[in-house]
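Numbering of the first sequence is given in this note's numbering, commencing with residue 365 and proceeding in unit increments. Built from N, CA and C at the ideal position, the CB exists for glycine as well. Contents: one structure, followed by commentary.
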Amino acid sequence: MPELPDVETFKRYVDSTSLHHRIKKVEVDAPRMLRVAPRILRKALEGSEFSKTERLGKYLLISVKGGPWLVLHFGMSGMLEYAKDAGERPAHTHLLVHFANGYRLAGIWQRRLGRIDLADDPVAYAEAHDLGPDALDRAIGLKDFKRMLRERRGTIKAALMDQIFLSGIGNIYSDEILFQSGTRPDVKVSGLSDARMRTLHRAMRHVLRIAIARQADPDRLPESWLLPHRYKGGKCPYCGGALQQKRSSGRTAYFCPHCQQ
DNA sequence: ACATTGACCTGAGAGC
DNA sequence: TGCTCTCAGGTCAATG
Numbered sequence: 365m366p367e368l369p370d371v372e373t374f375k376r377y378v379d380s381t382s383l384h385h386r387i388k389k390v391e392v393d394a395p396r397m398l399r400v401a402p403r404i405l406r407k408a409l410e411g412s413e414f415s416k417t418e419r420l421g422k423y424l425l426i427s428v429k430g431g432p433w434l435v436l437h438f439g440m441s442g443m444l445e446y447a448k449d450a451g452e453r454p455a456h457t458h459l460l461v462h463f464a465n466g467y468r469l470a471g472i473w474q475r476r477l478g479r480i481d482l483a484d485d486p487v488a489y490a491e492a493h494d495l496g497p498d499a500l501d502r503a504i505g506l507k508d509f510k511r512m513l514r515e516r517r518g519t520i521k522a523a524l525m526d527q528i529f530l531s532g533i534g535n536i537y538s539d540e541i542l543f544q545s546g547t548r549p550d551v552k553v554s555g556l557s558d559a560r561m562r563t564l565h566r567a568m569r570h571v572l573r574i575a576i577a578r579q580a581d582p583d584r585l586p587e588s589w590l591l592p593h594r595y596k597g598g599k600c601p602y603c604g605g606a607l608q609q610k611r612s613s614g615r616t617a618y619f620c621p622h623c624q625q
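This is the structure in structure tokens:
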């Protein structure tokens, strides 16, 4: 679930709550998600403070002053909660950072699919993990977008969701981008016209920007979007026809067979 | 170079 | 009530 707009919202949340407080203690319990020894993680954080954040696709990186970056990936169910440190922890908490100001930041993963790691540098981390440019990277203009698409085969939906191609877009938002650009999910990239690539590029930036502005809250997304209607039996907000679902590459794509050609 | 499948994990909902 | 099955989502590895 946490795709680019959700993670951007987490980033702003951390920025407004968790920076510049001395880290008193770190508790971590995340056997599978943890890519670094618990001891190393604690040692890197305790006594220091978070100083700034960066987002790379679906990854959130938090800089530890005078140390490495804490890397968080939220998988399908991860979230953060900053609250008064009252000694208890929310269910499914696998990372707990106690600050000297009496608050704590909890990393909550209901399903234990995610990642907790350390990195020396965001750029190096992205390279090491085959992360493509962020989908909202200003440097990815229309020209680059077209060039990148021309190098690919396969379907457009697979391309959008491929984190090596572009990072940040998953199943949910790829459906929205395809809907708003009137493109079928299973269209082959090789058959896309210049005009269609332009529309896709626009829709991609538009969808991600608006979703961020609405804090990636599904209840606050425009009714004219696909997402509020993206369920079994949902109707296209544009033509009123039944939305279709189709399974491809293990994911369910929702689209309007009438409005998306 | 692409698609497909299953594993990972958990809770919700369906169907019996 | 309670069991079993399926599904959702992101990533990764194995296979076609």
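**Prompt:** Taking just the CA atoms, how far does Glu515 sit from Ala522?
**Reply:** 14 Å
**Request:** Report the option in Val435, Tyr537, Arg517, Arg475 whose CA atom is closest to the CA atom of Val315.
**Result:** Lying before the first or after the last residue shown, residue 315 is absent from the chain, which here runs from 365 to 625.
**Arg399 to Glu367 span [Cα, whole Å]** = 21 Å
**Request:** Give me the Cβ distance between Val487 and Lys422, rounded to the nearest whole Å; I'm assuming they're in contact under 8 Å.
**Result:** In fact, because the Cβ distance is near 17 Å, the residues do not count as touching under 8 Å.
**DSSP beta-bridge partners of Asp481** = Val435
**Prompt:** If you run the structure through DSSP and keep just helix, strand and coil, what is Lys407?
**Reply:** helix
**CB of Leu500 within 8 Å of CB of Arg569, strictly** = yes
**Asked** By the 10 Å Cβ neighbour count, where 16 or more other Cβ atoms means buried, how is Ala603 classified, buried or exposed?
**Response** What sits at residue 603 in the sequence shown is Cys, not Ala. The residue is exposed, with fewer than 16 neighbouring Cβ atoms inside 10 Å.
**Message:** Considering only their Cβ atoms, is the gap separating Phe619 from Phe543 smaller than 8 Å?
**Reply:** yes
**Val392 versus Pro601 - alpha carbon distance** = 44 Å
**Message:** Less than 8 Å between the beta carbons of Leu591 and Ile536, yes or no?
**Reply:** yes
**Prompt:** Just the Cα atoms here: how many angstroms apart are Glu410 and Lys389?
**Reply:** 6 Å
**Item:** Asp310 classed as buried or exposed, judged by whether at least 16 other C-beta atoms fall within 10 angstroms
**Value:** In the structure displayed, the chain extends from 365 to 625; residue 310 sits before or after that span and is not available.
**Item:** Supposed close pair Leu513, Met561 - CB separation, criterion 8 Å
**Value:** 6 Å
**Request:** Check the DSSP bridge columns for Gln608 and list the partner residues they point to.
**Result:** Phe619
**Alpha-carbon to alpha-carbon, Pro582 and Arg502** = 25 Å
**Message:** Using 8 Å as the threshold, is the C-beta distance between His622 and Gly605 below it?
**Reply:** yes
**Message:** If I measure Cβ to Cβ from Leu506 and keep anything under 7 Å in the same chain, skipping five residues before and after, which residues do I get?
**Reply:** Arg562, His565
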